[in-house]
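Numbering (my numbering), first residue to last: 174 to 545.
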Ligand SMILES: [Zn+2]
C-alpha cells in the first residue's frame, strides 16, 4: 500500500479571508487578467499586518484540520511588505505547519522600487528566520509583472542565499505573449536567460508550456506545480504537457488546502485529457519530496498514512485518517478531529471580522477604479 503525506506545493495563505465573504467582482471579469486586477490584486493591496495575521492563522488551521502538514506559500501584500513574511511564519510555527515562504516581488503597483522592497523582504526573512518549521525561498510574482533587472536581481539573490525561486510561469497565455514581446521565446526562457532558473525552483502552473519547455524545466532541476481547481476556475486551460517531467507536484493556488478535493478535480480533468492514473496520483504523492528538498532531509516524525490501493477507498480513508490524527515534527497537532494548537472557533471569528473590514476596503478600491 502506498504511504501518503498531504502537502500543498503552491498556495497563497493571504487568501485565507476569501471563503469568509469578499465582495462580488463588479463588473464580472471576462479574462484572467481581469480576475487578477479585480479580485486578487485588490485583496492583496487591501491587506494590513493584522488582516494578514488573521488570514494566515485561519488558512493554516483549516489546512491542518484537512490533514495537510506542509504549505509552499507565495505571498504578496503591497501595502505591508516589510515584516509580512514574519507574520505568516509566526502563524505556521505557532499552529504546527511546515512551510516554505517567499515574497513575490513585482513591479505592478510601484515599479522597480516595489520590486526592490519585495526582494529585500525575501533576503531579510531568509537571513533572520530561525523557526524550526519554516524555510525561505526567493519570490517573483510572474515574468509579465517584472523587468529584466528585477529578474536578474532575484537570480543573484537565489545564488547568494542558496535558495530556489518561486514564481508563476505561463499560467495564462498573456505571460507567454509578454515574454515574446520582450524578445524571448517564453517566460521560462526569459528566466533562464537572466540567470533566475536556479535548481530546485518552484514554477507554478506551466499551463502554456510545451513538452520541450517542460523537459527543460526538469533538466534545470525545477519543479512545476499544477493547480487544477484554480486553472479551471480562471479558465486558463489544462497543462497538457506536464507529463514530460517527473518533477510535477500538486498545489491549490489560494483555494483551501484540501488536497483530496484537489486530487479529485485533477483526476476528472487529467483523465479527460488522457493522463494516466499513475501520472495523476504521482503529482500528489511527490509534494512531500519537494518539501523534503527544502528541509534538506525527510521531515522527521511526519504522519505517513497507510492507505488502500483502490482510489475511492483510498480517498475516503485518507480524509478520515488525516482528520483523526496529524503529527508534525513529533508534535501532535490534530487529535480526533480537534486542533490542539489553537482555538479554531476564535481563529475563524477573528478572520471573519477582518474579512468584513477588508471587504469594505476592496469595495472602496472598486469605486475608485470605476469612478462610481
Ligand atoms: Zn499562485
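From the three backbone atoms N, C-alpha and C, an ideal C-beta is built for every residue, glycine too. The model shown is predicted, which means the values in this text are computed figures rather than measured ones.
By the 16-neighbour rule on beta-carbons within 10 angstroms, residue 449 is exposed. By the rule of a C-beta closer than 6 angstroms to any heavy atom of ligand 1, the residues picked out are 183, 185, 247, 341, 377 and 426. Contact check for residue 415 against residue 436 fails: the beta carbons are separated by 8 angstroms or more.
Here DSSP, grouped into helix, strand and coil, assigns residue 376 to strand.
Residue 184 places its beta carbon less than 8 angstroms from that of residue 426. With respect to the 8 angstroms criterion, residue 527 and residue 223 are classified as neighbours on the basis of their beta carbons. The secondary-structure analysis by DSSP pairs residue 341 across a beta bridge with 315 and 377. Runs of the alpha helix (DSSP H) spanning 4 or more residues and lying entirely within the stretch 227-286 occur at 257-268, in chain order.
Annotation: the continuous beta strand (DSSP E) that includes residue 396 extends over 396-399. Residue pairing by DSSP places residue 498 opposite 508 in a beta bridge. In the same chain as residue 306, and ignoring 5 residues on each side of it, the C-beta atoms closer than 8 angstroms to its own belong to 265, 266, 269, 270, 271, 272, 501 and 502, in chain order. Closest option to residue 279, judged by alpha-carbon separation, among 320, 350, 460 and 382: 320.
Bridge pairing for residue 308: 273 [DSSP]. The three-state reading of DSSP puts residue 183 in strand, counting E and B together. Beyond the five residues adjoining it in sequence on each side, residue 372 comes within less than 6 angstroms, by CB distance, of 394 in the same chain, given in chain order.
Assignment of residue 422 by DSSP, reduced to helix, strand and coil, places it in the strand class. The three-state secondary structure of residue 302, taken from DSSP, is coil. The shortest C-alpha to C-alpha distance from residue 193 to any of 420, 239 and 227 is the one to 227.
Contact annotation: the stretch 208-223 does not touch the stretch 446-465, with fewer than three C-beta pairs closer than 8 angstroms. When DSSP states are grouped into helix, strand and coil, residue 468 belongs to the helix group. In this model, residue 541 and residue 214 are separated by some 14 angstroms (Cα to Cα). Our two residues, residue 381 and residue 396, have alpha carbons roughly 15 angstroms apart in a direct line. In the same chain as residue 332, and ignoring 5 residues on each side of it, the C-beta atoms closer than 7 angstroms to its own belong to 371, in chain order. The C-beta distance from residue 274 to residue 311 rounds to 11 angstroms, too long to fall under 8 angstroms, and the pair is not in contact. In this structure, residue 190 keeps its C-beta atom at 8 angstroms or more from the C-beta atom of residue 512.
C-alpha of residue 467 to C-alpha of residue 242: approximately 14 angstroms in a straight line.
Under the three-state reduction of DSSP, residue 335 is assigned to coil, being neither helix nor strand. In this structure residue 399 is in contact with residue 439, their Cβ atoms being roughly 7 angstroms apart against a cut-off of 8 angstroms.
Taking 8 angstroms as the upper bound for CB-CB distance, residue 225 and residue 257 are in contact here, some 6 angstroms apart.
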